[in-house]
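Residue 7 is where the sequence shown starts when you use this note's numbering, and the numbers rise one by one after that. From the three backbone atoms N, C-alpha and C, an ideal C-beta is built for every residue, glycine too.
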Amino acid sequence: MKRLFLLAALFVSCIVWGQDPVRDNYIPRLAPVQASDTTKVLCIGNSFTYFYDAPHHLQEIAAFEGHFLDVTVAVKGGQTFGGHLLYRPTFEALKKGGYDYIFLQDQSQNPARLLSEKNKSVMTDFEALVYVVKKSSPNGTCILERTWSYPGSENGGFSTEKEFDKYLLKGARKMASAQKAPMSPIGDAFNIARAEHPEIPMFGPDDKHQSREGTYLKACVNYLMIFGTRFGANPSSCDVDPQSAAVLRAIAERVVLK
Numbered sequence: 007m008k009r010l011f012l013l014a015a016l017f018v019s020c021i022v023w024g025q026d027p028v029r030d031n032y033i034p035r036l037a038p039v040q041a042s043d044t045t046k047v048l049c050i051g052n053s054f055t056y057f058y059d060a061p062h063h064l065q066e067i068a069a070f071e072g073h074f075l076d077v078t079v080a081v082k083g084g085q086t087f088g089g090h091l092l093y094r095p096t097f098e099a100l101k102k103g104g105y106d107y108i109f110l111q112d113q114s115q116n117p118a119r120l121l122s123e124k125n126k127s128v129m130t131d132f133e134a135l136v137y138v139v140k141k142s143s144p145n146g147t148c149i150l151e152r153t154w155s156y157p158g159s160e161n162g163g164f165s166t167e168k169e170f171d172k173y174l175l176k177g178a179r180k181m182a183s184a185q186k187a188p189m190s191p192i193g194d195a196f197n198i199a200r201a202e203h204p205e206i207p208m209f210g211p212d213d214k215h216q217s218r219e220g221t222y223l224k225a226c227v228n229y230l231m232i233f234g235t236r237f238g239a240n241p242s243s244c245d246v247d248p249q250s251a252a253v254l255r256a257i258a259e260r261v262v263l264k
């Protein structure tokens with residue numbers, strides 16, 4: 007495979023919608039090492055993807071581990087998988103094709119609604135989106151993100167956050183199983199971080215969207231979903247406090263490499 011110097015160039019295609027004070031267009035730092043590989047990644051999602059720019063945290067984390075990621079992002083606030091099927095930026099991103107990994111993040115309550123409300127359209131839209139992705143990237147691996155529950159917005163509309171999390175997990179598992187797709191256990195990592203390290207803020211002011219630390223944890227989990235090996239001796243902390251970052255990396259390894 008063609009070898010690239012990580013300091014030589016940065017190939018990022020970022021497709022976004024609107025403006026938000028926490029969409030900070032994070033510029034990943036490139037480690038001064040030669041890449042042993044190049045991996046094409048597409049991230050499809052909404053605000054749980056673009057808050058603090060998780061895809062480019064993922065790119066920096068990979069760079070410090072010696073991997074080059076060519077990242078494309080298609081996001082819109084509150085977007086469902088069904089919405090992405092009709093969203094022009096997602097269509098344009100998919101036309102590029104040739105992705106090795108495609109991360110799919112549904113609207114934050116949708117996987118829970120699949121079971122709690124018997125909302126069959128959640129599964130139908132997911133299956134349709136995976137079909138379209140596979141048409142453009144037949145050799146790519148679709149990874150469904152199992153996102154986190156949150157106390158904000160009255161527990162996402164559920165009676166308790168525990169109930170919300172239970173349905174999110176079961177719904178995501180059902181969706182991933184139906185398409186034989188790996189599930190990225192981001193929500194499980196959030197649960198551990200919140201329970202064991204309450205000093206590390208995982209949410210922003212709305213108790214729903216992730217903090218910078220939450221974005222870093224999400225990116226660490228997704229990194230391990232791609233490469234499946236523990237972090238090296240000099241990992242990137244992506245502007246997160248180094249001690250907190252080390253804790254979050256260890257949690258990511260616990261949930262993915264168990």
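- DSSP, read as helix, strand or coil, puts Tyr32 in coil.
- By the beta-carbon neighbour count (other beta carbons within 10 angstroms, threshold 16), Gly104 is exposed.
- Taking one beta carbon from each stretch, the stretch 239-256 and the stretch 51-69 have 3 or more pairs nearer than 8 Å; the two touch.
- With respect to the C-alpha of Val77, the residue from Asn161, Thr235 and Pro34 having the closest C-alpha is Pro34.
- Taken in chain order, the complete beta strand (DSSP E) segments of 3 residues or longer contained in the stretch 81-132 are 107-110.
- Note on geometry: alpha-carbon atoms of Lys124 and Ala80 lie some 28 Å from one another.
- Judged by DSSP secondary structure, Glu259 falls outside any beta strand (DSSP E) and instead within the alpha helix (DSSP H) spanning Pro248 to Val262.
- The residues Val136, in chain order, have a CB closer than 6 Å to that of Gln185 in the same chain once the five nearest residues on each side in sequence are set aside.
- In the DSSP secondary-structure assignment, Val227 is not bridged to any residue.
- The continuous beta strand (DSSP E) containing Glu151 extends over residues Thr147 to Glu151.
- When DSSP states are grouped into helix, strand and coil, Asp76 belongs to the strand group.
- Listed as beta-bridge partners of Cys244 by DSSP are no residues whatsoever.
- If you draw a straight line from the Cα of Tyr229 to the Cα of Leu75, it is about 10 Å long.
- DSSP links Phe209 through a beta bridge to Gln216.
- A check of alpha carbon separations from Asp59 across Gly193, Glu259, Tyr222 and Leu100 identifies Tyr222 as the nearest.
- The closest CA to that of Arg236, considering only Ile192, Glu259 and Tyr93, is found on Glu259.
- Leaving aside the five residues that flank Glu219 on each side, the residues in its chain whose CB is nearer than 7 Å to its CB run, in chain order, Ile206, Pro207, Met208, Val246, Ser250 and Leu254.
- Thr55 sits in a helix when the DSSP states are folded into three classes.
- Proximity to Asp131 across Asn52, Leu91 and Met231 peaks at Leu91, based on C-alpha coordinates.
- Residue range Glu167 to Ala184 is occupied by the alpha helix (DSSP H) that includes Asp171.
- Taking the CA atoms as reference points, Thr147 sits about 6 Å from Ile108.
- Residue range Ala60 to Phe70 is occupied by the alpha helix (DSSP H) that includes Pro61.
- The C-alpha of Lys126 lies about 16 Å from the C-alpha of Leu175.
- Under a 10 Å Cβ-count criterion, Asn145 is classified as exposed, with fewer than 16 other Cβ atoms of the shown protein chains found around its own Cβ.
- Counting along the chain, Ala199 sits inside the alpha helix (DSSP H) bounded by residues Ile192 to Glu202.
- For Phe170 and Ser155, the gap between their C-alpha atoms comes out near 6 Å.
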